[in-house]
C-alpha cells in the first residue's frame with residue numbers, strides 16, 4: 124500500500140483553498156447561482172444557508188466517493204440525487220427542529236439545495252474519481268467558497284438596506300432623516316435585482332485582480 | 031376562472047422564476063448565447079414544468095400531506111409524510127424527464143432532435159423543482175390553478191431566457207470593459223431586466 128497521506132498535506136490544503144480563487148464555483152465555474160441569492164436580504168439566513176450547503180456538499184461528495192466503485196455508471200445520476208436528497212431532508216428537519224424562524228425565512232430554498240449545481244458538479248467532476256477524504260475536503264472547500272459569496276452579498280444588502288448586521292443596529296438611529304439626521308436606507312438594494320447586480324460587481328472585482336480568468 | 035387567469039399572469043410577470051427568485055440560473059447562463067437554442071430550452075422547460083407540477087400536486091395531496099392518506103382508510107388520517115416530499119419530487123421529475131424524452135423520441139423525432147441535448151439537463155433545473163416546492167407552499171385549492179401556475183412559470187422562464195439571449199447576441203458587438211466581459215455583464219444586464227420586471231409588481235386581474 125502507498126504511504127498514508129497527512130490530513131494537512133500541501134495537496135489537501137490546495138484542494139480546500141483553490142475554490143476561493145481560481146476555481147471559485149460561482150464566479151469562475153458558474154455553478155449554483157440558482158438556489159440561494161434570494162436568501163441574501165439579511166445576513167442571518169444567508170449564514171444558515173451557507174452552513175447547510177457546506178454540510179451537504181461535503182457529506183455528499185464523501186458518501187458518493189465511498190460508493191463510487193459500486194454505483195453502476197448508467198444509473199449514477201439518480202443514485203447521486205437520492206444521496207443528496209436524503210442529506211437535504213436531514214438538514215431541513217434539523218433546521219425545523221432547532222431554528223424554526225430561520226427555516227420559515229428560507230422556505231423553499233432549503234429544498235432547492237438538491238438541485239444546486241455545485242453539489243452535482245463536484246460529485247461528477249471530483250468525487251466519482253477520487254478517494255473519500257480528498258472528496259470531503261473538495262466538497263467542503265467548494266461549499267465554503269460559495270458561502271463566502273452569499274455572505275458577502277448579504278452583508279452589503281443588510282448593511283445598506285436596513286442599517287443593521289445580524290439584527291444589530293450599525294447605522295445610529297440619530298442619523299436618520301426622521302430623527303433629524305441626513306441618512307436614509309437604500310430601498311433599492313433589498314429588492315431582488317440588486318443581488319444580481321452585486322454579484323456582477325463581485326465578479327468584476329475578482330477578474331480585475333485575477334487577470335487569467337477574463338473572457339476573451 | 032378569473033382566479034386561474036390571475037394566477038397565470040401573476041406567475042409570468044410578478045413571480046417570475048428568473049427575475050424574482052433566481053431559479054434555473056445555471057442553464058439560464060449556460061444556454062443563452064443565441065436565441066435559437068434558448069428558445070429550444072425554454073420550450074422544453076415549459077413542457078416539463080407543465081407535466082411535473084400537477085403530478086407532484088396530486089402526489090402531495092393524496093399521498094404525502096398531513097391526513098392525505100385518509101381516502102385509503104380512516105386509520106391513516108393522522109399520518110404525515112411531508113418530510114418525504116423533497117426526495118419524491120426529485121424522483122418524479124427525473125422519471126418524467128426520462129419518459130418525456132422517450133415519448134418525444136418515438137412520436138416526434140423532429141422535436142426530439144431540436145430539444146435532444148436539453149431534455150436531460152432539465153432534471154436538475156432549479157426552476158422545475160422550485161415550481162413544485164412553491165406549489166406545495168402556496169396551497170392551491172384545485173388542479174386548474176396548479177396548471178395555470180405551472181404553465182405561467184414556464185412561460186415566464188422562457189421570456190427571461192429569450193430576452194437575455196437576444197441581448198447577449200447584441201452585446202457581443204459592444205466594447206465592454208475586459209474584466210466585465212462574459213459573466214459579469216450578463217449578471218448586471220439580468221439585474222437591469224429584473225428591475226424592469228419589477229414594474230409589474232402589484233398587477234392584479
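Chains as they are written, first to last, in this note's numbering: chain A, 124 to 339; chain B, 31 to 235. Even glycine gets a Cβ: it sits at the ideal position worked out from N, Cα and C.
Taking residue i as the reference, give the member of the options with the closest Cα.
| i | options | result |
| --- | --- | --- |
| residue 139 of chain A | A:225, A:180 and A:299 | A:180 |
| residue 218 of chain A | A:174, A:268, A:239 and A:144 | A:174 |
| residue 115 of chain B | B:160, B:155 and B:36 | B:160 |
| residue 239 of chain A | A:132, A:145 and A:177 | A:177 |
| residue 330 of chain A | B:232, B:212, B:231 and B:221 | B:212 |
| residue 212 of chain A | B:180, B:125, B:175 and B:112 | B:112 |
| residue 292 of chain A | A:237, A:156, A:230 and A:166 | A:166 |
| residue 182 of chain A | A:237, A:198, A:301 and A:221 | A:237 |
| residue 209 of chain A | A:186, A:289 and A:228 | A:186 |
| residue 121 of chain B | A:200, A:247, A:301 and A:271 | A:200 |
| residue 199 of chain B | B:94, B:66, B:172 and B:40 | B:66 |
| residue 60 of chain B | B:233, B:217 and B:226 | B:217 |
| residue 158 of chain B | B:123, B:136 and B:128 | B:123 |
| residue 164 of chain B | A:229, A:248, A:196 and A:266 | A:229 |
| residue 333 of chain A | B:209, B:226 and B:233 | B:209 |
Give every residue of the same chain whose Cβ lies closer than 6 Å to the Cβ of residue i, excluding the five residues on either side of it in the sequence, and list them in chain order.
| i | result |
| --- | --- |
| residue 312 of chain A | 280, 283 and 284 |
| residue 162 of chain B | 83, 86 and 119 |
| residue 226 of chain A | 218 and 219 |
| residue 132 of chain A | none |
| residue 135 of chain A | 260 |
| residue 191 of chain A | 251 |
| residue 299 of chain A | 306 |
| residue 244 of chain A | 154 |
| residue 92 of chain B | 98 |
Using a Cβ-Cβ cutoff of less than 7 Å, which residues in the same chain neighbour residue i once the five nearest sequence positions on both sides are dropped?
| i | result |
| --- | --- |
| residue 69 of chain B | 192 |
| residue 163 of chain A | 169, 273, 276, 277, 280 and 318 |
| residue 268 of chain A | 142, 143, 147 and 148 |
| residue 224 of chain B | 49 |
| residue 166 of chain B | 90 and 115 |
| residue 206 of chain B | 215 |
| residue 257 of chain A | 135 and 138 |
| residue 194 of chain A | 202 |
| residue 287 of chain A | 281 and 293 |
| residue 110 of chain B | 96 |
| residue 231 of chain B | 44 |
| residue 246 of chain A | 183, 184, 187 and 203 |
| residue 180 of chain B | 79, 80, 83, 84 and 161 |
Assuming residue i and residue j make a contact with CB atoms under 8 Å, what is their CB distance in whole Å?
| i | j | result |
| --- | --- | --- |
| residue 228 of chain B | residue 314 of chain A | 6 Å |
| residue 38 of chain B | residue 182 of chain B | 4 Å |
| residue 195 of chain B | residue 57 of chain B | Not a contact, Cβ separation roughly 12 Å. |
| residue 184 of chain B | residue 79 of chain B | 4 Å |
| residue 295 of chain A | residue 189 of chain A | Not a contact, Cβ separation roughly 53 Å. |
| residue 154 of chain A | residue 241 of chain A | 5 Å |
| residue 219 of chain B | residue 152 of chain B | About 24 Å separates the two Cβ atoms, so there is no contact after all. |
| residue 316 of chain A | residue 36 of chain B | 24 Å between Cβ atoms; not a contact. |
| residue 262 of chain A | residue 184 of chain A | 3 Å |
| residue 34 of chain B | residue 174 of chain B | 5 Å |
Keeping to the same chain, check which residues put their C-beta closer than 8 Å to that of residue i; ignore five residues upstream and five downstream.
| i | result |
| --- | --- |
| residue 100 of chain B | 106 and 107 |
| residue 124 of chain A | Here the model assigns residue 124 of chain A a pLDDT of 37, short of 50, so the residue's position is not dependable, and the following value carries that caveat. No residues qualify anywhere along the chain. |
| residue 130 of chain B | 77, 78, 81 and 149 |
| residue 188 of chain B | 69, 72, 73, 75 and 76 |
| residue 126 of chain B | 78, 81, 82 and 85 |
| residue 55 of chain B | 48 and 156 |
| residue 264 of chain A | 138, 139, 140, 141, 142 and 143 |
- Three CB pairs or more closer than 8 Å across the region 202–211 of chain A and the region 294–311 of chain A: no
- On the three-pair Cβ rule with 8 Å, is the region 263–279 of chain A touching the region 315–328 of chain A? yes
- Task: Report the residue ranges of all alpha helix (DSSP H) runs contained in full by the region 96–173 of chain B; include only those spanning at least 4 residues, in chain order.
- Result: 115–137, 139–145, 148–152 and 156–168
- Query: Which whole runs of the alpha helix (DSSP H) in the region 176–239 of chain A are 4 residues long or more, in chain order?
  - Reply: 199–221 and 223–229
- Task: Could I get the ranges of all uninterrupted alpha helix (DSSP H) runs contained in the region 201–233 of chain B, with 4 residues as the minimum, in chain order?
- Result: 213–228
- Message: To test your reading of the DSSP string, which unbroken alpha helix (DSSP H) runs of 4 or more residues are found completely within the region 287–336 of chain A?
- Response: 315–332
- Message: For a minimum of 4 consecutive residues, which ranges assigned as the alpha helix (DSSP H) are wholly contained in the region 237–266 of chain A?
- Response: 240–248
- Message: Restricting to runs no shorter than 3 residues, where is the beta strand (DSSP E) found entirely within the region 33–99 of chain B?
- Response: none
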